[in-house]
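**Student:**
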Amino acid sequence: MSKIETEVTTTSRKTISGIEYVGLSLVGLSLIGLFFGSNHIAGMFDAMVNKAFGIFNVFIFGKNIGAAIIVSVMTGRILERLGFTDALMRLFVPILKFIGINSAVVVPGVYNILGDVNAAGRIAGPVLIKAGATKDEQKIAIATMVQAPASFSIFMLGMLALSMAGISVFPVVIITLFLPLVLVPFILKFIWRDTKAITLDNLPRFTPTTPALPTIFNAAREGAELLFLLIIPAAVVIFAIIGALEYIGIWQYAQGFLNSVMGVLKIEPITGALTILVSNTLAMGTLVANLKEAAIAPALVLGSFVLANSGFPLQVPFGQIPAVWANVTDLNEKEAMQAAVVGVLIRLLTATLCAYLLTPLVS
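One rule links them: number in the numbering used here = place in the sequence shown (from 1) + 1332.
1. Are M1477 and N1434 touching if we call contact CB-CB under 8 Å?
2. Measure the C-alpha to C-alpha separation of F1522 and T1691 and round it to an integer number of angstroms.
3. Let me know the secondary structure DSSP gives S1483 once reduced to three states.
4. For S1404, count neighbouring C-beta atoms within 10 Å of its own C-beta (all shown protein chains included) and say buried if the count is 16 or more, exposed if not.
5. Using a 10 Å radius around the Cβ and a threshold of 16 neighbouring Cβ atoms, would you call K1346 buried or exposed?
6. Consult DSSP for W1524 and reduce its assignment to one of helix, strand or coil.
7. For L1535, which three-state DSSP category applies?
8. Alpha carbon to alpha carbon, how far is T1508 from V1694? Give it in angstroms, no decimals.
9. Is the Cβ-Cβ distance between T1547 and R1413 less than 8 Å?
10. Measure the C-alpha to C-alpha separation of I1351 and K1624 and round it to an integer number of angstroms.
11. Just to confirm, are G1490 and F1637 a CB contact at a threshold of 8 Å?
12. Hey, M1616 and I1486: beta-carbon distance below 8 Å or not?
13. Would you kindly check if the distance between the Cβ of L1411 and the Cβ of V1439 is under 8 Å?
14. Are the region 1602-1612 and the region 1664-1671 in contact at 8 Å, needing three or more beta carbon pairs?
15. Taking the Cβ atom as the reference point for each residue, do I1599 and G1635 lie within a distance shorter than 8 Å?
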């Protein structure tokens, strides 16, 4: 290292950065905590571990939710291999062409039903660019995508919950899952106005050519990766934080407020909170488990189903979508995030309206 580099490094280290002040504060608080209340620190850690361990009971040891996730991903990939995605595109492209918008905006939402939100972005983003979608149409595509489930397992578990609650599945799926793929672009066209229609010829085919057995086994591996590398770690983090907040007596008040809000929105409080904060799949799995033990009002089940089949939890619109879409489209992270937030707010409103208005017609 040269003398100049040494002097620059030494000078920069003499100045304490903001994060170092945070670190020094934590060191001080840790020493104070160890001296005056080491038992409380140990107790908080124990509460975090116990709360987080419940996730393993839910997904692996005590119930079949983990297996349901893997089987659901397998089912989605098999349907995709059998041309389901391309068939849906055949239905939606003419409709979107009629309303005067680039048909590629529906690609992420259609793909999202069978795939996942990350894959939808990586695959559909370049398709939008190839199809000549404007920046406004790319925003519409993101807002439309988050009207669909972020994993096929959410949809499968949700249908099971609807059936257990005595709700007619067919009209609910048509109204809450497929209709928004057309209705949301039509509404947002009046906000993001730089749109134009294209034909099906501008879009590629989405049916993979993978042989049958690799499709099944690769899908099973993908389901296991989704379970063990994404859902369980994310749930463990949130539940560990909740365990710490419970130990110090804060979470009870936050939970009470959240339950009140969910009640007004006609969404089952436990599954609503899980959807927004942790995992849609966990929310639908928990709803199915709770329905086996006690009856839940059909309106709450319907509202929870619609909300779960969306771009939540919060790390998706605020983290995953901006990170993925900024790399594969013309949008920057801020623009992608804004579009995702618009989409999840529309979905939250949709869940409430369906719970209040649709329940009497389908239950």
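No residue lacks a Cβ here, since even glycine has one placed at the ideal position from N, Cα and C.
**Tutor:** This is what the structure gives:
1. no
2. 30 Å
3. strand
4. buried
5. exposed
6. coil
7. coil
8. 12 Å
9. yes
10. 49 Å
11. yes
12. yes
13. no
14. no
15. yes
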